[in-house]
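What follows is one structure encoded as C-alpha cells, with my remarks underneath.
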Amino acid sequence: MLGNDVLLCFIFYSTLLISKMYVIAIITGQVRLRKKAFANPEDAVRHGGVQFCRADPDVDRCRRAHRNDMENIFPFLFLGAVYSMLSPSYGIARLHFLVYFLGRVLHSVAYLLALKPPTRSIAYIVAQVPCLSMAIQILLEVAYYA
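Residue numbering for the sequence shown follows the numbering used here, beginning at 4 and increasing consecutively.
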C-alpha cells in the first residue's frame, strides 16, 4: 500500500498540516504565558494568581486559528485519503495537496498576524478549491458504483 506514490505524497502533506496545527497550539501556549491569560484557575495560580484566569484577545485569536484548522484540515484528511485510493495522476494529486497546504499555511499566518483583508479569505478559498475538486472526483467515481 505504501508503494502508492500518491498516497505517500498525501501522507507527507498531511503530516506537515498536522505539524502546523501543533505549532499553532504551541504558539497559543506561549501567548498565554506571555500575556498571563490562562483558561484554568489552577494554571493561573501556578503562574501568579487566580486573577490571571482570564480571556485575552491575542490568545483568543490563536485559539480561533487552531479551531479553524481543525474545522478544515480534518475534512481534507478524509477527502485526500479517499482521493488517493482512486489512482489519480501523481502530478495532479500533488498539486491538490500542495495548493491546500500552502493555502492553509497562508491562512494561519494571516490569522495570527491579523493581516489586512482579504488575505485570510483568499487563502481560505485557495485551500478549498482542491478540496472541492477532490470531493467532486470522489463523488463521480462512487456514483458509478452506487
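Cβ atoms here follow ideal geometry from the backbone N, Cα and C, with glycine treated the same way.
This one's a predicted model, so the numbers in the text were calculated from it and none came from an experiment.
Cα-Cα separation between residue i and residue j, rounded to whole angstroms
{"i": "residue 22", "j": "residue 99", "result": "19 Å"}
{"i": "residue 76", "j": "residue 18", "result": "11 Å"}
{"i": "residue 30", "j": "residue 65", "result": "7 Å"}
{"i": "residue 131", "j": "residue 106", "result": "8 Å"}
{"i": "residue 137", "j": "residue 147", "result": "16 Å"}
{"i": "residue 144", "j": "residue 103", "result": "21 Å"}
{"i": "residue 119", "j": "residue 68", "result": "15 Å"}
Residues that DSSP places opposite residue i in a beta bridge
{"i": "residue 41", "result": "56"}
Backbone secondary structure at residue i - three-state DSSP
{"i": "residue 32", "result": "helix"}
{"i": "residue 23", "result": "helix"}
{"i": "residue 7", "result": "coil"}
{"i": "residue 99", "result": "helix"}
{"i": "residue 121", "result": "coil"}
Residue i vs residue j beta-carbon contact at 8 Å
{"i": "residue 55", "j": "residue 47", "result": "yes"}
{"i": "residue 38", "j": "residue 62", "result": "yes"}
Cβ-Cβ separation, residue j to residue i (assumed contact under 8 Å), whole Å
{"i": "residue 111", "j": "residue 72", "result": "7 Å"}
{"i": "residue 91", "j": "residue 26", "result": "The pair is not a contact, with the Cβ atoms about 29 Å apart (cut-off 8 Å)."}
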